[in-house]
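Everything below concerns the one structure shown next.
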Amino acid sequence: MKVPFVDLITPHCELEEELVEVFRNCLKTASFVGGHEV
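In structure tokens:
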């Protein structure tokens, strides 16, 4: 039996710019430690 897997590559490619920007902002502000983004 073949089980279909979710294609995460396509949405990640479409959202890459936004994801990288948010990740970069978290690192710059250290907001990953109980900050707004968390």
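Everything in the sequence shown is counted per numbering that gives the first Met the number 0, starting at 0 for the first residue and increasing by one.
No residue lacks a Cβ here, since even glycine has one placed at the ideal position from N, Cα and C.
Would the beta-carbon of residue i fall within 8 Å of that of residue j?
| i | j | result |
| --- | --- | --- |
| GLU36 | VAL21 | yes |
Pick helix, strand or coil for residue i, following the three-state DSSP scheme.
| i | result |
| --- | --- |
| PRO3 | coil |
| PHE31 | coil |
| GLU36 | coil |
Please return the same chain residues whose Cβ sits closer than 6 Å to the Cβ of residue i, not counting the five positions on each side in sequence.
| i | result |
| --- | --- |
| SER30 | GLU36 |
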